[in-house]
Structures are given as C-alpha cells and as structure tokens.
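Scroll down for the structure; my scribbles are underneath it.
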Amino acid sequence: MRVRWLWLALLVVALGLALAVQRGWLELPPRWDPRTPLDVRAPPDWLSGWRLWRLRRDPALCAQVLASSQLDYVSQPDSRLGTDCPLRNVVRVKAGEAALNDSFLATCSLAVSYALFEHHGLQPLAREILGQPVTSVDHFGSFACRRIGGGRRWSRHASANALDVGAFRLADGRSISLSGHWQSAGAEARFLRAVRDAACEHFQGVLGPEYDAAHHDHFHLQVGGFGVCR
Ligand SMILES: [Zn+2]
40 MRVRWLWLAL
50 LVVALGLALA
60 VQRGWLELPP
70 RWDPRTPLDV
80 RAPPDWLSGW
90 RLWRLRRDPA
100 LCAQVLASSQ
110 LDYVSQPDSR
120 LGTDCPLRNV
130 VRVKAGEAAL
140 NDSFLATCSL
150 AVSYALFEHH
160 GLQPLAREIL
170 GQPVTSVDHF
180 GSFACRRIGG
190 GRRWSRHASA
200 NALDVGAFRL
210 ADGRSISLSG
220 HWQSAGAEAR
230 FLRAVRDAAC
240 EHFQGVLGPE
250 YDAAHHDHFH
260 LQVGGFGVCR
C-alpha cells in the first residue's frame with residue numbers, strides 16, 4: 040500500500056514538473072529542456088532520440104537543425120505533382136567534414152543522420168583505429184526512383200531517404216573500400232565493422248555485406264522503414 044502511494048506522489052511531482060516547464064514557470068538549462076532543438080555537434084545524450092524524433096516530423100525544425108550542422112548543402116525545390124517519386128524537404132549535400140566523390144540528394148532527415156554519423160561515428164573511429172581522419176567519402180548514389188528488388192514496395196532511395204556508401208579515403212591517400220577490405224584481417228576491416236555499428240546508431244536501417252550479396256560492396260544507410268542493422 041505504502042509503495043503505491045509513493046508511486047502516486049512521484050507521478051504527481053513528475054506531472055507538475057512537466058506542466059511547469061511547458062507553461063514556462065520553470066526555466067530548465069537548454070541542455071535539459073526537451074524543447075531545445077538537436078545540436079548535431081553536441082555529444083549525444085538521453086534526449087537526442089527525442090530531439091531526432093521531433094525534427095523528423097517537423098520540416099522547419101529539421102531545416103533549422105541542419106543549418107547548424109557541419110554539412111555544406113543547398114536546399115532543393117519540392118517536385119512538381121505527377122511524378123512517381125515526388126521529393127519533399129530535400130537538399131543537395133555537397134560535403135561534410137570529409138569531401139564527397141559527388142554531391143547527393145537527401146531529405147533533411149537523411150542529411151541530419153549523415154551529419155551525426157560523420158561527426159560522432161565515422162571521423163572519431165578513423166582517428167582512433169587508423170590514426171587519421173577520412174578526407175573523402177565515396178558513395179554510389181542516393182535518390183533512385185525504384186522499387187525494392189523489382190517488387191511492389193518502393194525503396195527508400197525513391198524518396199531520397201537512403202544513401203549507398205562504398206569507400207572512405209584517408210589523409211595519406213589510402214582508400215578503404217567494402218569490396219577490398221571487408222574480408223581482410225587488418226585494421227581496415229576492424230574500421231569498416233566499427234563504422235557499420237556506428238551507422239546503426241544514427242540511421243534507422245543499415246545493410247552491408249553481412250546482409251546479402253547485393254550489399255557486398257556498400258553500406259545502404261536509410262532513415263525510416265525497417266530498423267535492420269547488419
Ligand atoms: Zn541502397
């Protein structure tokens with residue numbers, strides 16, 4: 040009985056705090072305030088998931104967050120009506136901290152995930168495992184108006200919500216590729232596996248060589264959809 044009252048008291052306090060914050064009676068430091076937009080460069084914390092969830096549903100908030108990221112990009116107009124694969128809230132990403140072999144189209148949501156992945160996963164892992172940063176990311180493309188495996192369901196590529204990445208160039212000129220190094224025994228293979236695991240924290244679906252033969256030479260990185268990480 041006493042335990043039940045304790046829970047009830049805690050619930051009342053929690054609801055009171057939530058109301059006080061929502062009404063503006065209580066000032067929280069920005070870092071602890073759930074309404075503060077995501078800061079792509081700040082170390083991820085327990086509120087990051089919530090902030091990411093919010094911006095994926097709010098185009099204006101997503102645009103604001105992307106503008107404070109390290110990405111160099113230009114906004115693109117929405118598609119006209121009547122196309123099979125209409126694009127909304129899309130940007131053309133030209134570079135991050137690392138250059139790109141080519142610019143790519145991405146929804147704001149995908150671009151934010153890429154920015155988080157590069158800043159908190161890819162670059163720290165390259166410095167830690169290979170002793171130098173990645174200077175260029177080689178990708179195979181993002182937007183493609185196609186269905187999955189010739190079936191009926193549209194691929195996440197059809198809405199610019201997926202990017203295929205094949206290799207990473209380092210400051211010393213080396214290129215670490217999935218086709219060349221995934222099966223090797225050295226630091227390169229360790230790096231690629233760590234990059235896959237880091238991608239799983241920042242994208243909502245990651246498919247690589249362990250998924251199937253079609254992905255032997257690239258990571259498929261997507262937002263939305265299935266939540267698979269292999
Ligand atoms: Zn793909």
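Each residue of the sequence shown is one higher than the last, beginning at 40 in the numbering used here. Glycine included, every Cβ here is placed at the ideal spot set by N, Cα and C. In this text, all values refer to a predicted model and were calculated from it rather than measured experimentally.
Around the C-beta of residue i, are 16 or more other C-beta atoms found within 10 angstroms, so that it is buried, or is it exposed?
| i | result |
| --- | --- |
| LEU211 | In the sequence as presented, Leu is not what sits at residue 211; that position holds Asp. Result: exposed. |
| ASP203 | buried |
| GLN61 | exposed |
| PHE265 | exposed |
| GLN243 | buried |
| ILE187 | exposed |
| LEU273 | Any property of residue 273 remains undetermined from this structure, which presents the chain solely from 40 to 269. |
| ARG235 | buried |
| ARG41 | exposed |
| GLU66 | exposed |
| ARG195 | buried |
| LEU217 | buried |
| ALA81 | exposed |
| THR146 | buried |
| GLY170 | exposed |
| ARG90 | buried |
| SER198 | buried |
| VAL51 | exposed |
| TRP221 | buried |
Which residues mark the beginning and the end of the beta strand (DSSP E) in which residue i is found?
| i | result |
| --- | --- |
| SER175 | 173–180 |
| VAL79 | No beta strand (DSSP E) holds VAL79; DSSP gives it neither H nor E. |
| LEU202 | 201–209 |
How many whole angstroms separate the CB atoms of residue i and residue j, which I take to be in contact at a CB cut-off of 8 Å?
| i | j | result |
| --- | --- | --- |
| HIS159 | GLU136 | No, HIS159 and GLU136 are not in contact; Cβ-Cβ is about 11 Å, not under 8 Å. |
| ALA183 | PHE230 | Actually they are not in contact, since the Cβ atoms of ALA183 and PHE230 sit about 27 Å apart, beyond 8 Å. |
| PRO68 | VAL104 | Between VAL104 and PRO68 the Cβ distance is about 19 Å, and since that is not below 8 Å, they are no contact. |
| ASN200 | SER118 | 14 Å between Cβ atoms; not a contact. |
| PHE156 | HIS241 | 4 Å |
| LEU209 | THR174 | 6 Å |
| ALA154 | SER108 | 4 Å |
| PHE207 | ALA238 | About 12 Å; that fails the 8 Å criterion. |
So the alpha helix (DSSP H) residue i belongs to, where does it begin and stop?
| i | result |
| --- | --- |
| LEU45 | 41–62 |
| VAL151 | 147–156 |
Next on the checklist: Give the list of continuous beta strand (DSSP E) stretches no shorter than 3 residues that lie fully inside the stretch 81–135.
Outcome noted: 111–114, 129–134
Checklist entry - Relative to ligand 1, what is the chain-ordered list of residues with a Cβ closer than 6 Å to any of its non-hydrogen atoms? => result HIS196, ALA201, ASP203, HIS259
Next on the checklist: At 4 residues or longer, what runs of the alpha helix (DSSP H) sit wholly inside the stretch 214–266?
Outcome noted: 217–220, 226–241
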